[in-house]
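4 protein chains.
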Amino acid sequence: MPAPLGDIAHLGHVELLTPDLEGSVWFFTEILGLTETRREGDSVHLRTFDDYELTSIVVTGHTTSGLRRTALRASSPEALQRRVDAIEAAGGTGRWTEGSAGTGPMYLTTDPDGHEIGLYYESEWYEAPEHLAPGLKNQPQAKPRQGVGVRRLDHVNFLAADVEPNADWVEHTLGARPTEQIRLDTGRIAARWLTFNNKSYDLVYTEDWSGSSGRLHHIAFATDTREDILRAADLCLDNGVHIETGPHKHAIQQTFFLYVYEPGGNRIELCNPLTRLVLAPDWPLITWTQAERAKGQAWGLQTIESFHTHGTPPLDS
Amino acid sequence: MPAPLGDIAHLGHVELLTPDLEGSVWFFTEILGLTETRREGDSVHLRTFDDYELTSIVVTGHTTSGLRRTALRASSPEALQRRVDAIEAAGGTGRWTEGSAGTGPMYLTTDPDGHEIGLYYESEWYEAPEHLAPGLKNQPQAKPRQGVGVRRLDHVNFLAADVEPNADWVEHTLGARPTEQIRLDTGRIAARWLTFNNKSYDLVYTEDWSGSSGRLHHIAFATDTREDILRAADLCLDNGVHIETGPHKHAIQQTFFLYVYEPGGNRIELCNPLTRLVLAPDWPLITWTQAERAKGQAWGLQTIESFHTHGTPPLDS
Amino acid sequence: MPAPLGDIAHLGHVELLTPDLEGSVWFFTEILGLTETRREGDSVHLRTFDDYELTSIVVTGHTTSGLRRTALRASSPEALQRRVDAIEAAGGTGRWTEGSAGTGPMYLTTDPDGHEIGLYYESEWYEAPEHLAPGLKNQPQAKPRQGVGVRRLDHVNFLAADVEPNADWVEHTLGARPTEQIRLDTGRIAARWLTFNNKSYDLVYTEDWSGSSGRLHHIAFATDTREDILRAADLCLDNGVHIETGPHKHAIQQTFFLYVYEPGGNRIELCNPLTRLVLAPDWPLITWTQAERAKGQAWGLQTIESFHTHGTPPLDS
Amino acid sequence: MPAPLGDIAHLGHVELLTPDLEGSVWFFTEILGLTETRREGDSVHLRTFDDYELTSIVVTGHTTSGLRRTALRASSPEALQRRVDAIEAAGGTGRWTEGSAGTGPMYLTTDPDGHEIGLYYESEWYEAPEHLAPGLKNQPQAKPRQGVGVRRLDHVNFLAADVEPNADWVEHTLGARPTEQIRLDTGRIAARWLTFNNKSYDLVYTEDWSGSSGRLHHIAFATDTREDILRAADLCLDNGVHIETGPHKHAIQQTFFLYVYEPGGNRIELCNPLTRLVLAPDWPLITWTQAERAKGQAWGLQTIESFHTHGTPPLDS
């Protein structure tokens with residue numbers, strides 16, 4: 001039985017690994033317009049301008065690329081405890097850690113594929129320093145002058161050796177709602193999109209063609225407008241950031257997208273959902289067939305080959 | 001004690017009254033791009049292209065303008081019953097009616113100021129006829145070729161003789177969350193914004209300067225982009241639709257807006273929130289002072305006088 | 001020696017042939033938002049909302065598709081006569097015809113590849129009927145409520161068996177300025193862009209891979225915004241109009257583009273140049289090499305194969 | 001008799017005076033996204049990313065604000081000489097100076113109201129240093145990562161004690177074309193817009209309510225999109241730049257606008273004309289009456305009072 005929706009409020013932050021820390025930080029600050037808030041050892045804390053929490057993403061220098069952690073904020077202390085109980089009732093294990101990145105105590109566990117998931121409730125609200133104070137009191141920080149100025153960390157797309165058990169685990173123990181999926185002719189689920197709230201997705205599982213576990217397809221930042229994404233494409237072009245594909249519109253979820261590789265090699269999506277939300281409490285899971293997927297993206301763009309072959313960390317790392 | 005958030009899923013539809021039925025229908029179809037789905041007597045059912053339910057708005061010919069009904073969809077049959085019980089426990093009364101506009105049984109009650117509120121759970125999902133079939137299976141209807149093509153009915157702004165008891169009633173019996181408000185120097189609440197989900201507001205109460213009850217400030221439709229609103233302003237200009245104010249950005253809620261009067265006299269807002277959402281489970285109610293409100297809108301536009309004097313129905317009707 | 005710039009003011013109108021007259025008219029009116037102004041026999045006259053002349057495009061039912069005529073407006077009667085003299089001095093021939101499509105006398109000739117070119121000066125200014133009257137006196141017609149609402153016919157891209165002599169003819173007899181070109185490693189010019197004014201191009205010659213003469217690559221309409229093009233892509237998707245490629249940004253000329261096939265088979269571009277203009281009086285011809293062209297479009301999109309194989313009329317017609 | 005159109009190609013650059021040099025440079029670089037290229041004494045040279053010439057604007061520290069010079073590029077050496085001859089034939093005087101700001105010899109004169117006008121033909125083309133190299137060879141410089149990233153200096157709006165003789169002087173000696181004007185009920189011309197090319201205006205004269213001479217109403221920079229202007233409004237809000245009025249759409253010329261005061265006190269417009277151009281060789285001068293002007297801007301915004309009272313330098317300086 002799926003867990004009740006609502007115990008997990010939203011995606012909190014992620015920790016990304018990079019073999020090129022300064023390059024990655026340059027990309028996130030100068031191109032995406034995130035604000036650096038803290039450095040601790042090899043980790044740099046960065047935030048989008050509309051994140052009410054301290055940290056949107058931690059970038060950590062490492063021998064390779066990839067995703068170290070995905071942190072999810074619970075709706076209340078009780079909701080947090082319910083999710084921990086559910087994980088352990090389902091046979092999972094985890095451990096409580098001191099908070100980091102501005103959060104209180106965090107319960108660390110893994111999904112079946114091995115991606116680290118952190119759950120927490122307590123969180124410090126960001127207070128902008130004078131030079132970053134916003135003009136409006138309902139906004140945590142001034143809109144950045146440099147780069148794209150993405151609004152929020154939007155979603156994480158995990159690669160997994162087997163999509164379905166992972167998506168089921170998120171649905172059944174964390175309380176997510178699956179909104180769309182791809183089912184191959186063999187019956188196998190090639191990808192599934194899940195949400196914790198009225199966004200149409202927060203987490204995605206995509207089949208890892210290599211059979212490997214624990215890897216990352218991409219993380220995504222939401223922009224305010226499609227024009228922000230078109231401007232981002234020009235900034236990437238003029239600053240030597242590799243554009244993989246886009247801008248275009250996904251058929252699945254209808255997201256307007258641009259995929260680039262940050263200097264550390266991780267795939268980053270800039271996404272814009274327009275004002276689309278999933279408000280229906282009984283939204284049915286929409287299934288795309290193999291034939292439908294083969295049609296490419298919404299306006300006819302064929303899905304680029306590297307989209308099915310590039311994940312992080314790379315396989316030989 | 002506030003009711004738990006989540007029992008009301010979202011704003012369903014409204015019924016609007018108009019002394020100029022054909023003029024109003026022309027406006028909603030030709031300028032806003034809604035689709036007419038049904039006529040019954042003096043009532044015309046209209047829908048936005050991304051509404052999954054049958055009906056976004058019913059426009060009914062009448063001796064005057066104004067709002068007859070605001071329908072809210074519950075999250076489940078149990079949630080619906082909980083809200084009915086809470087209303088009655090708070091001393092309210094209501095009655096069950098046959099569904100209309102594609103809904104199942106609807107519980108009709110009124111807020112303290114006398115606005116009719118309908119609660120329902122069952123709802124028929126829209127199936128587009130061949131000529132309106134969308135290109136993507138996750139969209140209920142083709143994007144309209146004519147007019148603005150607004151995505152959804154977004155919110156209702158009620159006028160009320162006394163804001164606070166009404167906003168409290170919505171919070172405490174329906175389970176909404178207040179996100180922003182204006183507090184005058186006297187301590188009186190001049191307006192309060194409430195939401196049932198991750199949108200930053202679904203219902204608003206604004207003080208009726210005339211002391212009258214049950215009137216409407218405006219209903220709003222969400223567009224996908226700010227560019228849609230700029231195009232809308234041109235369409236209104238070239239088609240003789242009265243623009244009251246905008247386009248501009250509200251300081252409160254940061255909404256990009258355009259206010260026009262439809263031919264029946266009701267104020268209609270076209271609004272765009274960009275990708276802003278309220279995801280924090282512990283979002284604090286933000287209070288704007290009288291002095292802050294006096295600064296005008298976000299980019300400095302002074303609030304137009306008629307914004308404080310025009311409501312529907314007009315006072316002499 | 002190039003003719004002096006300025007004798008030809010701008011592209012006036014084109015006549016397009018179609019084997020599906022009603023389908024083509026549906027596309028131009030319902031999808032692009034042109035206004036039908038006249039029908040004469042198998043010819044339908046259509047105009048964009050910001051054309052000051054009567055007609056932007058004549059669509060004529062025919063056994064096949066393709067371009068019948070490209071009409072260019074001279075800057076004055078004297079400028080018109082100078083261009084006719086120059087054509088004849090260069091060995092060309094032509095004939096004067098009664099005006100059509102709202103123009104005065106038109107001199108008809110052909111470029112070396114056989115495309116019919118019409119030159120005229122006198123032109124009737126459009127006066128909008130009451131129901132199409134604009135809100136502003138500096139605009140000829142109300143912005144259309146339906147479809148994209150393209151602003152103007154922007155340019156014509158001719159296929160030619162041999163690009164260079166045609167581009168030279170336009171430069172030397174009509175007085176155009178070449179702004180960009182593609183030069184293959186063999187030295188052969190694969191395409192050249194020319195302008196008569198401060199737009200960066202009005203006419204383009206592209207090599208016809210088939211060696212045929214007189215064919216059309218595409219005609220293009222300018223939209224006011226890139227968002228108009230994104231909306232157009234959705235309208236095409238939902239209305240069954242074939243999208244060939246885009247939206248994306250050309251490296252050459254930096255144009256934001258969408259290519260579709262109208263129901264008669266002709267390729268139509270929707271283009272947006274942002275606010276880019278060629279204002280320098282000594283703008284140098286920019287040459288793209290074969291290697292540079294092979295990189296694809298500005299943001300990395302590979303040029304689609306059909307872009308090099310689809311022209312109208314089709315080869316077997 | 002008006003001079004022939006075409007001898008002046010376009011607005012080259014302006015020199016602006018400011019009592020707050022560092023504040024002004026901060027605004028132009030950090031908010032508008034111009035690039036500083038040179039400092040000489042109290043003068044800072046700045047350029048927009050798509051200017052092919054070295055300099056778009058020189059900002060000079062001074063005791064007060066205002067405009068020191070407006071430089072116009074001629075189309076050829078012969079065109080330059082023709083304009084100088086015309087000025088002197090009309091009784092004007094001037095002197096040749098060494099070039100500055102990347103231009104060759106410049107002829108300095110004044111319009112009847114006393115604004116300094118510089119005419120030149122020779123001009124150095126900008127070569128971007130490595131770190132500002134663009135991704136495309138048809139663009140002079142990388143799109144800036146910081147600030148709005150305006151494309152070009154677009155126009156200058158002069159205040160003049162008497163509009164008509166100044167506009168006539170520009171038309172008759174420099175060869176501009178008047179495109180729109182405001183005529184008061186008294187017959188007096190309150191403002192006139194003139195262009196040298198296919199833009200709908202390059203220079204504007206507006207009546208100085210104070211009867212003073214030689215002052216500035218504003219200079220304007222063109223953005224690529226209206227979205228750039230909306231983003232600019234947020235950047236100004238969050239960075240304490242005074243927004244005077246907008247964003248909105250002018251009825252006259254249909255320009256989408258935002259007016260702000262740079263820290264030195266000069267009014268700066270960000271403008272976007274969409275893809276509108278004046279291509280007709282016989283475009284008639286459009287006259288707006290006093291009553292039409294009283295209607296406010298295109299979408300109904302009343303013209304703000306300071307628009308008629310703020311000019312630079314201030315009157316008491």
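Protein sequence lines, in the order shown, are assigned to chains A, B, C and D. Going by UniProt numbering, the first sequence opens with residue 1, and the numbers climb by one from there. Going by UniProt numbering, the second sequence opens with residue 1, and the numbers climb by one from there. Going by UniProt numbering, the third sequence opens with residue 1, and the numbers climb by one from there. Going by UniProt numbering, the fourth sequence opens with residue 1, and the numbers climb by one from there. Yeah, the Cβ is synthetic: ideal placement off N, Cα and C, and Gly gets one too. Keep in mind it's a predicted model, so treat the numbers as computed, not measured.
The criterion of a C-beta distance shorter than 8 Å is not satisfied by A128(B) and Q146(B). Residues of the same chain with a CB within less than 6 Å of the CB of E124(A), apart from the 5 flanking positions on each side, are L54 and G102 in chain order. In the displayed model, R82(B) falls within a helix according to three-state DSSP. Under DSSP, P77(B) shares a beta bridge with no residue. Against chain B, the CB of A298(D) has a partner CB under 8 Å away; the residue lies at that interface. In the structure shown, V170(C) falls within a helical segment according to DSSP collapsed to helix, strand and coil. When E180(B), G135(B) and S65(B) are compared, the shortest CA-CA separation from Y205(B) is found for E180(B). Secondary structure of S43(A) (DSSP, three-state): strand. Rounded to the nearest angstrom, the gap between the Cα atoms of F49(B) and R152(B) is 7 Å. The shortest CA-to-CA distance from L285(D) to any of P178(D), T223(D) and P314(D) is the one to P178(D). Per DSSP, reduced to three states, the secondary structure at F27(A) is helical.
E269(C) and A220(C) have their C-alpha atoms spaced approximately 4 Å apart. Here S212(D) really is in contact with A161(D); their C-beta atoms are around 7 Å apart, less than 8 Å. About 20 Å separates the beta carbons of L277(B) and N157(B), which is beyond the 8 Å limit, so they are not a contact pair.
Uninterrupted alpha helix (DSSP H) stretches at least 4 residues long and entirely within the segment 124–157 of chain A do not occur. At a C-beta separation below 8 Å, D234(C) has no neighbours in chain D, since its nearest C-beta there lies roughly 18 Å away. Inter-residue distance for T97(B) and I87(B) is about 16 Å (C-alpha atoms, whole angstroms). Contacts between H10(D) and chain C, judged by CB atoms closer than 7 Å, involve L279 in chain order.
For R226(C), the chain A residues whose Cβ falls inside 9 Å of its Cβ are R226, E227 and L230, in order along the chain. Judged by DSSP in its simplified three-state form, Q254(D) adopts coil rather than helix or strand. Under the 8 Å criterion on CB atoms, L270(C) is classed as non-interfacial with respect to chain A. I87(B) carries a helical assignment under DSSP once its states are collapsed to helix, strand and coil.
Shown here for T225(D): same chain residues with a beta carbon closer than 8 Å to its own, the five before and five after excluded, namely N272 in chain order.
Annotation for F307(B): E244, T245 and Y259 place their beta carbon closer than 8 Å to its own, counting only its chain and skipping 5 residues before and after. I243(B) has a beta carbon lying within less than 8 Å of a beta carbon in chain D. For F49(D), the secondary structure class from DSSP, reduced to helix, strand or coil, is coil. Residue state for V204(B) is assigned as strand, using DSSP reduced to three classes.
If you ignore the 5 residues before and after P77(A), its C-beta comes within less than 7 Å of the C-beta of Y121, all in its own chain and listed in chain order.
Put simply, the backbone Cα of D85(A) is about 39 Å away from that of K249(A). At a cut-off of 8 Å between beta-carbon atoms, I286(B) makes contact with chain A. Taking CB atoms only, A142(A) has a neighbour in chain D less than 8 Å away. Put simply, the CB of G102(D) is far from chain A, with every gap to its CB atoms at 8 Å or more. With contacts defined by Cβ atoms closer than 8 Å, F196(C) and I229(C) do not form a contacting pair. Residue range I189 to T195 is occupied by the beta strand (DSSP E) that includes A191(C). Residues of chain A whose Cβ lies closer than 8 Å to the Cβ of L274(B) are, in chain order, R151, D224 and T225. Our two residues, T18(A) and R215(D), have alpha carbons roughly 56 Å apart in a direct line.
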